[in-house]
Amino acid sequence: MARKAGANVPKSSKRPARSGSVPAASGRHIDWTVIGAVVVVLALIAGLAWYLVPKFMDEQEAEALKPQTVEGYVPSAQDPDPSTRISGVTKVYYKAAQHVRADQRVAYDQSPPFGGPHDEVWATCTGIVYPNPLRTENAVHALEHGAVWITYNPDTIGADDLDSLKKKVSGEQFLFLSPYPGLDHPLSLQSWGHQLKLDSAGDPRVDQFITALRRNTTPGVYKENPSEAAYPETQAACAAVPGAFDPSNPPPADEGQPGPDAVTMDGTGGIAATDENTGAGAPMPAG
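Under the numbering used here, the first residue of the sequence shown carries the number 367, and numbering increases by one thereafter.
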């Protein structure tokens with residue numbers, strides 16, 4: 367007996383699609399909003415890194431260039447003047463408290479000077495980087511307060527060395543920096559009664575000198591006066607004198623030779639110094 371066509375054909379297990387339905391997508395749905403937000407965040411992070419990383423590295427470099435305390439050069443009662451072990455240091459005993467007027471000059475015996483008669487007003491020595499040469503009579507007074515004055519020859523110092531000096535000095539109390547045209551070395555460090563001339567800012571003697579002499583209050587430094595410290599005015603400050611010295615517009619350096627009317631190194635021609643610690647204008651005791 368003949369079979370009916372299609373009698374044993376199995377039925378499909380799939381239901382026919384309803385009219386108007388859309389087949390499901392084979393992949394996941396991409397949320398472009400989330401991706402856009404991630405891209406923006408990554409861009410912000412990259413931008414911050416681009417800005418902050420070099421700044422951080424500059425700060426790290428500047429910190430590394432700051433004066434570092436050098437072991438073996440810290441003053442003590444047993445070792446009042448460690449600078450005597452620094453090769454090249456010139457040491458001279460100068461009498462303190464010898465002043466001159468703002469219109470007077472001193473016939474200094476050293477260049478740059480590092481002691482002797484000086485102006486009544488001191489140069490601000492609170493880590494100032496002066497762009498122009500200073501009047502030496504103001505700078506020497508800052509040395510009497512325990513500061514270290516770093517000078518450089520603008521014609522012979524290298525750009526990297528000058529940048530290093532600026533970073534070393536900037537913001538550091540009892541340090542200041544200024545150009546000194548005609549200096550016979552690229553740079554020179556001065557503290558009261560002491561000087562060190564060098565060819566490179568990277569010389570380790572820079573930090574040795576600063577460690578040994580910046581605010582060295584230890585007595586016994588000078589054989590001429592054993593009771594005196596490395597600098598005379600151990601209680602003095604480095605801040606600007608309001609109305610007397612403007613670090614943004616300091617007195618300019620004098621030009622040419624001092625002349626026959628200059629104050630001599632023994633103070634002849636100067637004026638009576640006053641006691642800056644009392645602020646009373648009393649004459650300084652003879653010493």
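Backbone N, C-alpha and C define an ideal beta-carbon position, used for all residues, glycine too.
Along the chain, where does the alpha helix (DSSP H) that runs through residue i open and close?
{"i": "LEU531", "result": "525-535"}
{"i": "THR577", "result": "571-579"}
{"i": "ILE509", "result": "In the sequence on display, residue 509 carries Leu and not Ile. Its alpha helix (DSSP H) spans residues 502-510."}
Report, in whole angstroms, the separation of the C-beta atoms of residue i and residue j, which I expect to be a contact under 8 Å.
{"i": "LEU509", "j": "SER566", "result": "Contact doesn't hold; Cβ gap of about 23 Å is too wide."}
{"i": "VAL587", "j": "ASP447", "result": "4 Å"}
{"i": "LEU543", "j": "TYR597", "result": "Not a contact, Cβ separation roughly 18 Å."}
{"i": "VAL629", "j": "GLN470", "result": "6 Å"}
{"i": "ASN591", "j": "TYR459", "result": "7 Å"}
{"i": "ILE516", "j": "LEU555", "result": "5 Å"}
{"i": "GLN574", "j": "ILE452", "result": "5 Å"}
Who pairs with residue i in a beta bridge, going by DSSP?
{"i": "GLN556", "result": "TRP515 and GLN561"}
{"i": "HIS484", "result": "HIS465"}
{"i": "LYS457", "result": "HIS560"}
{"i": "TYR588", "result": "ASN591"}
{"i": "VAL629", "result": "VAL472"}
{"i": "PRO618", "result": "LEU500"}
Please report the residue range of the beta strand (DSSP E) in which residue i lies.
{"i": "THR492", "result": "492-495"}
{"i": "PHE542", "result": "541-545"}
{"i": "GLN476", "result": "Where GLN476 is concerned, there is no enclosing beta strand (DSSP E), given that its DSSP letter is neither H nor E."}
{"i": "VAL466", "result": "464-466"}
Nearest CA to the CA of residue i: which residue from the options?
{"i": "THR640", "options": "HIS395, GLN561, ALA463 and VAL458", "result": "ALA463"}
{"i": "ALA619", "options": "ASP475, GLN574, ALA638 and PRO499", "result": "PRO499"}
{"i": "GLY633", "options": "VAL455, ALA473 and PRO433", "result": "ALA473"}
{"i": "ASN519", "options": "LEU531, ALA513, GLY512 and HIS511", "result": "LEU531"}
{"i": "ASP521", "options": "LEU553, GLY635 and ASP397", "result": "LEU553"}
{"i": "VAL455", "options": "PRO545, HIS511, ASP529 and LEU579", "result": "LEU579"}
{"i": "GLN320", "options": "SER477, SER449, CYS604 and PRO617", "result": "With the chain running from 367 to 653 in the structure shown, residue 320 is simply not present."}
{"i": "GLU437", "options": "THR600, THR577 and GLU590", "result": "THR577"}
{"i": "GLY559", "options": "GLY413, ASN615 and ALA595", "result": "ALA595"}
{"i": "GLN601", "options": "PRO585, ASP527, GLY402 and HIS511", "result": "HIS511"}
{"i": "GLY548", "options": "GLU621, LYS533, GLU590 and ASP569", "result": "GLU621"}
{"i": "TYR439", "options": "PRO570, ALA403, ALA605 and GLY636", "result": "PRO570"}
{"i": "ALA468", "options": "PRO479, VAL407 and TRP488", "result": "TRP488"}
{"i": "LYS533", "options": "ALA430, ASP397 and VAL405", "result": "ALA430"}
{"i": "GLY625", "options": "GLY635, PRO616 and PRO617", "result": "GLY635"}
{"i": "PRO441", "options": "THR583, ALA415, SER593 and PRO613", "result": "THR583"}
{"i": "LEU355", "options": "PRO479, CYS604 and PHE611", "result": "There is no way to answer for residue 355, as the model of the chain reaches only from 367 to 653."}
{"i": "ALA443", "options": "ALA610, GLU599, SER593 and ASP627", "result": "SER593"}
Given 8 Å, three or more beta-carbon pairs between the region 504-518 and the region 468-486: yes
Stretch-stretch touch, CB-based, cutoff 8 Å, three pairs: the region 525-539 with the region 488-495: yes
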